[in-house]
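In this text, residue positions in the sequence shown follow my numbering: the first is 3, and each later residue adds one. Positions of the beta carbon are idealized from the N, C-alpha and C atoms, including for glycine. Since the model is a prediction, treat every value here as computed from it, not as a measurement. A short write-up of the structure that comes next.
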Amino acid sequence: MVKILVVDDEPLMKSLILQSFKDQISAEEIDFQFALNGEEALKIVNENHDIGIVLTDIVMPEMDGLTLLGHLSKLNRAFRTIVISAYGDMKNIRTAMNRGASEFITKPIDLQDLKDTVAKTISEYHELKKGVTARERVIELNKELKIAHEIQQSFIPVNFDVVFSERNPVDLIGEMIPAKEIGGDFFDFIKLDNHRLAFFIADVSGKGIPAALLMSRCSVLMHGVALAANQSCVECMLAVNKTLCDKNDACMFVTAFYGILNVNTGDLNYCNAGHNPPILFGDNKCVFIGINQGIALGVDMEHEELFTEHSIKLNKNDLIVLYTDGVTEAGYSDNKKEFYTEERLKNVIEKYGDDPLSDILKAIKDDVTAFIGNSPQRDDITIFLIRYLGNSNDDSTTQLQ
């Protein structure tokens, strides 16, 4: 039902309207309300927020129709207005148009013209309401996405201080830059006991809300299995994989790299579930670790040997660079069919690898941004840096096993 307010000081106007639209009134398609002047009309409008159309005369006592239109235009509501004007009164018609009038009826009123104009205005009002509803929904969705973004960012660490026995044997820093308001990348680290640090990075397939929801679920799972007593890297991956496979009707998957570092010895055990192999920087050179990738999480739990655990002994000041494919595949577009690539990432690390972690992170982001240029960011970009500071008497050399 559309509510229409008729504003006219002519006594016969109410009778004319009720007689002309008696069928629509009986069918409850239109509900008319009446006011004798603009002041009375404005009060009715303020008290009835569901009035959609105002049909008003121009010449009235106390407040005329043009003044009323000026007040209505300031209410920020989805009105359609019909103005009744004398034939040839172009000055008032122009003023009414400038104040938001959408249709006009000339005096003396032609009944068919009145019916046609009201019918047309009702149709326009319905379309206007659809647009307003859609805009309101977009605004609400944007608010929800902002809240979702804030919740998701709470999963990403902001405090990178981790202390073992009154010393800090590792330096950590990282950042996740979502391609949309929310994304599917995440990383974190967990102090397991007084000498072991667990860390991981992961990338959920897809983007947007589905990826963000799976990201949240997977992050909680990773924390849970990491804190389980004496779990190896493979056991952690198997546990997460089983849970993800149990309920995965959407057929989404997660690539992940999970490691456990003994901060006293530099021994690092790790397992790769289909993720980009991290880069190890030491002795002024870069090497990939975790090249022998396992299968992504959430894909298969039928085979026992899905994942393999490897080990490496870190040298003091060795740097591990973990990243997602949003880094190495950045920049590709219809106009620029070229990826950023692992090779470019290695070049930046070799150039800045001995600098403070904050400078290295900035150098990588700046280089990726420069390479992307005007191309849109198509995927989440996540970078996680870990430098092993070792013991003061640590003279070990890096060995891959």
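query, result
"Between which two residues does the beta strand (DSSP E) holding F191 run?", "D187 to K193"
"Could you tell me which of N319, T83 and M254 sits nearest to D59, measuring between CA atoms?", "T83"
"Please list, in chain order, all residues of the same chain as L402 whose beta carbon is under 6 angstroms from its beta carbon, the five residues on each side excluded.", "Note that L402 scores 48 on pLDDT, short of 50, meaning its location in the model is unreliable and no value can be drawn from it."
"On the CB-based measure, 16 or more other CB atoms within 10 Å of its CB, does K318 come out buried or exposed?", "buried"
"Excluding the 5 residues flanking F386 on each side, which residues of the same chain have their C-beta closer than 6 angstroms to its C-beta?", "G176, F189, I203 and L324"
"According to DSSP, I388 sits in a beta bridge with which residue or residues?", "L174 and I322"
"Just tell me which of K122, E42 and H128 has its CA closest to the CA of A80.", "H128"
"Across which residues does DSSP place E311 in a beta bridge pair?", "C273"
"CA-CA distance, K92 and G102?", "It should be noted that the sequence gives Met, not Lys, for residue 92. Rounded to the nearest angstrom, the two C-alpha atoms are 15 angstroms apart."
"Just checking my contact of P280 with F255 at CB under 8 angstroms: how many whole Å lie between their CB atoms?", "Not a contact, Cβ separation roughly 19 angstroms."
"Ends of the beta strand (DSSP E) at Q35?", "I32 to A37"
"Can you tell me whether I153 is buried or exposed, with buried defined as 16 or more other CB within 10 angstroms of its CB?", "exposed"
"Identify the continuous beta strand (DSSP E) that holds G261 and give its terminal residues.", "V256 to N264"
"Inspect the beta-carbon positions of A275 and L299 and report whether they are closer than 7 angstroms.", "yes"
"Which residues in the same chain have their Cβ closer than 6 angstroms to the Cβ of I293, if we skip the five residues on either side of it in sequence?", "P279"
"CA-CA distance, A136 and M303?", "43 angstroms"
"Whole angstroms are fine: how far does the CA of V370 sit from the CA of N376?", "12 angstroms"
"When you compare the segment 209-217 with the segment 229-245, are there three or more beta-carbon pairs, one atom per stretch, that lie closer than 8 angstroms?", "no"
"From V134 to I141, what does the alpha carbon distance come to, in whole angstroms?", "10 angstroms"
"By the three-class DSSP mapping on this structure, what secondary structure does V206 have?", "strand"
"Cβ of A43 within 7 angstroms of Cβ of V85?", "no"
"Grouping DSSP H, G and I as helix and E and B as strand, with all else coil, what is F373?", "helix"
"Starting from T267, follow the alpha helix (DSSP H) in both directions and report where the run begins and ends.", "Segment: none, T267 is in no alpha helix (DSSP H) and carries neither H nor E."
"Mapping the DSSP letters down to three states, classify V61 as helix, strand or coil.", "coil"
"By how many angstroms is the C-alpha of I149 removed from the C-alpha of F201?", "27 angstroms"
"Apart from the five residues just before and just after L263, which ones in its own chain have a Cβ nearer than 6 angstroms to its Cβ?", "L199 and L270"
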